[in-house]
Every structure is written in C-alpha cells, then in structure tokens.
Amino acid sequence: MIDADLRKPSQHIYLDLKPDTSLQEFLSGDRTVADGSEFYTSDPKSNLGVILGRDRADVPTDQLLQSDTFKNLLETAKMAMDIIILDTSPLLPVVDARYIAPHADVVVDCVRFGVTEQRDLRAAFGQLTASLRPDTPVVTLLNHDESKHTGYRYDGYYGKE
Numbered sequence: 707m708i709d710a711d712l713r714k715p716s717q718h719i720y721l722d723l724k725p726d727t728s729l730q731e732f733l734s735g736d737r738t739v740a741d742g743s744e745f746y747t748s749d750p751k752s753n754l755g756v757i758l759g760r761d762r763a764d765v766p767t768d769q770l771l772q773s774d775t776f777k778n779l780l781e782t783a784k785m786a787m788d789i790i791i792l793d794t795s796p797l798l799p800v801v802d803a804r805y806i807a808p809h810a811d812v813v814v815d816c817v818r819f820g821v822t823e824q825r826d827l828r829a830a831f832g833q834l835t836a837s838l839r840p841d842t843p844v845v846t847l848l849n850h851d852e853s854k855h856t857g858y859r860y861d862g863y864y865g866k867e
C-alpha cells in the first residue's frame with residue numbers, strides 16, 4: 707500500500723507506524739527507486755508492505771506525482787508486488803488523484819453514506835473517468851452506512867415470519 711495522499715497523509719496514523727523517510731521526502735529528493743528500502747516498511751501485524759507519508763508536502767504535489775521518480779516507483783512496485791493499493795486525496799477538492807488515475811488498473815471510489823451528495827459523486831466520477839485509461843474499471847464503495855439495515859442477519863434479509 708502506498709499512502710499517496712501528499713496533502714494529508716494518514717495511513718501511518720492508522721497503522722501506528724513511523725517511517726524513517728516518507729514518500730514525500732523520497733519524491734522530493736534526488737533518489738532512485740533502488741534507494742527504496744529506506745522508506746518501505748512492513749506492518750508487523752500483517753503481511754502488508756507500506757510506503758507511508760508523514761507530513762504535508764511542502765512542494766507542489768503535481769510536480770511530485772508527475773515526476774519520473776513516482777512513475778519509476780510504481781513500475782518497480784508492480785514488478786515486485788502482487789497488488790498495489792494507492793490511497794489518494796479526495797477527488798473533488800484537489801487534483802492529485804487525477805494525476806495518479808492513469809496508473810491504476812482498478813479504481814475503488816469510496817463514497818460516504820449520507821454525506822456525499824449525488825451531484826458531487828457525478829462530478830467526481832466525471833473527473834475521474836476523464837483521467838483513466840478507457841478500460842479501467844471503477845468500483846464505488848459505500849462507506850459509513852450506519853443504518854439499521856447494515857450487517858447480515860436472517861430476519862433482516864428475509865423479514866420476520
């Protein structure tokens with residue numbers, strides 16, 4: 707997993723890991739992907755390998771995400787890993803996810819239940835699909851549904867008799 711949200715990286719908080727070098731620092735420096743061992747971290751609680759952010763980028767993120775260093779990082783990761791998950795910034799407020807989108811094989815668009823408005827979802831989907839390769843599937847994931855219908859129960863699915 708790569709925390710590619712350069713504006714507000716958060717995966718290091720959720721995983722309770724502190725990278726020695728963050729993705730932003732790596733992309734901002736004059737380094738090659740061969741140097742990647744300094745910022746690649748293994749989660750001790752799972753088999754997840756992570757490249758984490760830490761602080762907000764202090765240079766324009768478009769320069770970092772469109773850099774040859776970022777492209778080389780993704781190419782190297784594709785050769786070394788089975789699955790790569792890129793956590794990005796939200797689609798509408800900033801353009802960063804649109805710079806990353808052409809590199810994706812599949813996109814999962816997380817939509818917050820009861821918060822995201824339909825017009826915003828349509829706008830985000832339009833911006834996203836304009837950035838993707840034509841054959842890239844987009845899966846929408848409804849998140850934070852706290853209604854009484856969540857979960858799977860026999861009586862909830864079939865109704866009470």
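Residue 794 in the working numbering sits at position 88 of the sequence shown, and the numbers go up by one each step. Where a beta carbon is used, it is the ideal one built from N, C-alpha and C, also for glycine. Keep in mind it's a predicted model, so treat the numbers as computed, not measured.
Terminal residues of the alpha helix (DSSP H) in which residue i lies
i, result
"T835", "824-837"
"S734", "729-734"
"D802", "802-806"
"D719", "The question names Asp, but residue 719 in the sequence shown is Ile. Taken as a continuous stretch (DSSP letters only), the alpha helix (DSSP H) holding I719 covers 717-720."
"L754", "Note, L754: premise wrong, no alpha helix (DSSP H); not H, not E."
"T767", "767-771"
Minimum C-alpha distance to residue i - residue among the options
i, options, result
"D815", "N849, K784, G735", "N849"
"D826", "L838, H809, L798", "L798"
"P715", "I757, Y746, T747", "I757"
"A810", "Q769, L834, T775", "L834"
"N753", "V800, R713, L721, G832", "L721"
"Q769", "V845, Y805, M707, G820", "Y805"
"M707", "G755, P725, V821", "G755"
Local Cβ density within 10 Å of residue i, reported as buried at 16 or more and exposed below that
i, result
"R760", "buried"
"A830", "buried"
"L847", "exposed"
CB-CB length for residue i against residue j, believed under 8 angstroms
i, j, result
"P843", "V812", "5 angstroms"
"L729", "D709", "6 angstroms"
Residue i, enclosing beta strand (DSSP E) - first and last residue
i, result
"N778", "Per DSSP, N778 belongs to no beta strand (DSSP E); it is in the alpha helix (DSSP H), 774-786."
Check whether the region 784-802 touches the region 720-737, taking contact to mean three or more Cβ pairs, one atom from each stretch, closer than 8 angstroms. no
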